[in-house]
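Undergrad:
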Amino acid sequence: MASEEIIPLEQLLAAISEESPVGRDIRDDDEQDSLYQAIKDARIAARSAERNNMFDNDNSEADAQWRKIIELAPDILLHHTKDLEIACWFTEALVRRYGFQGLRDGFKLIEGLIDSFWDGLYPLPDEDGIETRVASLTGLNGEGAEGVLITPIRNVSLTEGSDPGPFNYWKYQQVVEVEKIIDEETRSERASRLGFNIDDVDRAVAESSETFFIDINDDLSEAIATYRRIGALLDQHCGINDSPPSSNIINILEACLGTIRHIGKHKIPERQNDANENDESATPDALKTDENQLKAATGEVRTRDEAFKQLLEISQFFRKTEPHSPISYMLERVVKWGDLPLDSLIRELIPDSSARDYYGSLTGIRTDDD
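Heads up, the sequence shown is in this note's numbering, so the first residue is 214 and it goes up one at a time.
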């Protein structure tokens, strides 16, 4: 079961009044202390503080500004306007404060506003057309670059646990990168510099409650399903060509969900995953595709190219389902080696020239040094 709702969605999605369901455009208030200016300034200050304090781990200034947005946004949406930009800023604040529970509710708010108030929803289209209305949604995902939601999603805790936990997706991926290193001494040195390793992740998972993993699994599944519905609504209202992009958010959320289900596989009851997988809207398409690719890879291999293609498909399966494992990277390396000329392969496998010469003298194989 997903965690409880943290914002009053039913109230926030009620009309402002019978006469004016969407209220007014608060951008028309040109006073310096207007509601729009106050929440806009808080967001600018929050993001500026995050950039300035990126390396000192002091989030107090940014947190104070995001809390201000969490206080201002409900009042604005309840009593003054139905506004997509305000809802997007609210969602940015919610994911930072409440993780995937907040993201889920923010997405539900956005979905409800689009579904119930689209014709009059602020901001209204201008000379640039529909682009103005959906610009804030485009900003969440990003267009040609990562959007403003991607980093906060990476920073949501995927475990509980004591220091160096809890672990978020960003920290977990650093551990995965270290685990890819084949040389034991180099791997140990990198892990030491990092300050945590796969054993620390396992310890944090062990210290996390079953309830934590069940809730985060369900909250994230619901967030993905809701965001997909938002995409479908926008395709319907904007047309596919003018609809905001969504792939960056979907990809990072699915990556987080795959990680949660992998590291928390002993914490999440099997029936819980089964229920989510039976719900088409809650199951990441990428994971389904990888499973289908793995099944397809069991067919008869007729050519060398087919064999390499199947190895790469199997590699993709392991990259999604076991991101901590070196299996996918080893398979990709094998395919790369298979495409190299013999002399290039020998140079890669035996970088030392004297060792290469000795190998050549033993085997009779010409090396580039001959």
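All C-beta atoms, glycine included, are put in the ideal place defined by N, C-alpha and C.
#1: Just curious, the alpha helix (DSSP H) that T516 is in, first and last residue?
#2: Would E420 and S349 qualify as a contact pair, given that the criterion is a beta-carbon distance under 8 Å?
#3: Quick one: using the 10 Å Cβ neighbour count with 16 as the cut-off for buried, is D498 buried or exposed?
#4: Taking all protein chains shown into account, do 16 or more other C-beta atoms lie within 10 angstroms of the C-beta of R317, making it buried, or fewer, making it exposed?
#5: Taking the alpha-carbon positions, what's the T364 to Y311 distance?
#6: Just list the residues that DSSP pairs S370 with in beta bridges.
#7: Check each candidate in L297, W279 and S557 and name the one with the smallest Cα separation from I257.
#8: Whose C-beta lies closer than 7 Å to the C-beta of G236 among residues of the same chain, with five residues either side of it excluded?
#9: DSSP beta-bridge partners for G236?
#10: According to DSSP, is D339 part of a helix, a strand, or is it coil?
#11: What runs of the alpha helix (DSSP H), each 4 residues or longer, lie entirely inside the segment 221-272?
#12: Kindly examine the ligand ATP and report whether one of its heavy atoms sits closer than 7 Å to the Cβ of G236.
#13: Roughly how far, in whole angstroms, is the beta-carbon of I443 from the beta-carbon of F320, given that I think they are within contact range, below 8 Å?
#14: Does the Cβ of D492 have 16 or more other Cβ atoms within 10 Å, making it buried, or fewer, making it exposed?
#15: What's the call for W383, buried or exposed, on a 16-neighbour Cβ count within 10 Å?
#16: Taking buried to mean at least 16 other C-beta atoms within 10 Å of its own C-beta, is I395 buried or exposed?
#17: Going by DSSP in three states, V548 sits in which element: helix, strand or coil?
#18: Taking the Cβ atom as the reference point for each residue, do T372 and V418 lie within a distance shorter than 8 Å?
#19: Starting from S434, trace the alpha helix (DSSP H) in both directions and tell me its first and last residue.
#20: Touch check for the segment 263-271 and the segment 281-289: three-plus C-beta pairs under 8 Å?
#21: Once the 5 residues before and after Q224 are set aside, which same chain residues still bring their CB inside 7 Å of it?
#22: What do you reckon, are the CB atoms on L222 and L322 nearer than 8 Å?
#23: Report the three-state DSSP secondary structure of E356 (helix, strand or coil).
#24: Helix or strand or just coil, what does DSSP make of A306?
TA: Looking at the atomic coordinates:
#1: Start at 1 with the first residue of the sequence shown, and residue 516 comes out as number 303. That residue, T516, is in no alpha helix (DSSP H); it is neither H nor E in DSSP.
#2: By one-based count along the sequence shown, residue 420 stands at place 207. By one-based count along the sequence shown, residue 349 stands at place 136. No. Outside cutoff.
#3: Translated into positions along the sequence shown, residue 498 becomes position 285. Since pLDDT at D498 reaches only 49, below the 50 mark, its modelled position is unreliable, and no value is offered.
#4: Translated into positions along the sequence shown, residue 317 becomes position 104. By the 10 Å Cβ count, R317 comes out buried.
#5: Here residue 364 refers to the residue found at position 151 of the sequence shown. Here residue 311 refers to the residue found at position 98 of the sequence shown. For T364 and Y311, the distance between alpha carbons rounds to 15 Å.
#6: One-based indexing of the sequence shown puts residue 370 at position 157. Answer by DSSP bridge pairing, in chain order: N381.
#7: The residue labelled residue 257 in the question sits at position 44 within the sequence shown. The option with the nearest alpha carbon to I257 is W279.
#8: Against the sequence shown, residue 236 aligns to sequence position 23. Counting only residues of its own chain and dropping the five nearest sequence neighbours on each side, G236 has a CB closer than 7 Å to the CB of I229, H293, T294 and K295.
#9: What you label residue 236 is simply residue 23 of the sequence shown in a count that begins at 1. In DSSP, G236 forms a bridge with T294.
#10: The residue you call residue 339 lines up with position 126 of the sequence shown. Three-state DSSP puts D339 in a strand.
#11: Those alpha helix (DSSP H) runs which fall completely within the segment 221-272 and span 4+ residues are 222-225 and 248-265.
#12: Although the ligand ATP was asked about, the structure shown includes no ligands whatsoever.
#13: Taking the first residue of the sequence shown as 1, we reach residue 443 at position 230. Taking the first residue of the sequence shown as 1, we reach residue 320 at position 107. Between F320 and I443 the Cβ distance is about 6 Å, and since that is below 8 Å, they are a contact.
#14: The residue labelled residue 492 in the question sits at position 279 within the sequence shown. Legend: pLDDT at D492 = 49, less than 50; position of this residue unreliable, value from coordinates given subsequently. D492 comes out exposed.
#15: One-based indexing of the sequence shown puts residue 383 at position 170. Using a 10 angstroms sphere on the CB of W383, the tally of other CB atoms stays under 16, which defines it as exposed.
#16: Sequence index remark: in the sequence shown, residue 395 carries index 182 (1-based). Within a 10 Å sphere around the beta-carbon of I395 sit fewer than 16 other beta-carbons, which makes this residue exposed.
#17: Walking along the sequence shown from the start, residue 548 turns up at place 335. Residue state for V548 is assigned as helix, using DSSP reduced to three classes.
#18: The residue given as residue 372 occupies position 159 in the sequence shown. The residue given as residue 418 occupies position 205 in the sequence shown. Cβ distance < 8 Å, so T372 and V418 count as in contact.
#19: In the sequence shown, the residue the question calls residue 434 occupies position 221. Note, S434: alpha helix (DSSP H), E423 to C451.
#20: They do not touch, by the three-pair rule.
#21: Counting from 1 along the sequence shown, the entry for residue 224 is found at position 11. Cβ within range, chain order: L291.
#22: Counted from its first residue, the sequence shown places residue 222 at position 9. Counted from its first residue, the sequence shown places residue 322 at position 109. In this structure, L322 lies closer than 8 Å to L222 by Cβ.
#23: To locate residue 356, count along the sequence shown from 1; it is residue 143. Correct three-state label for E356: coil.
#24: For the purposes of this step, residue 306 is identified with residue 93 of the sequence shown, where counting begins at 1. A306 sits in a helix when the DSSP states are folded into three classes.
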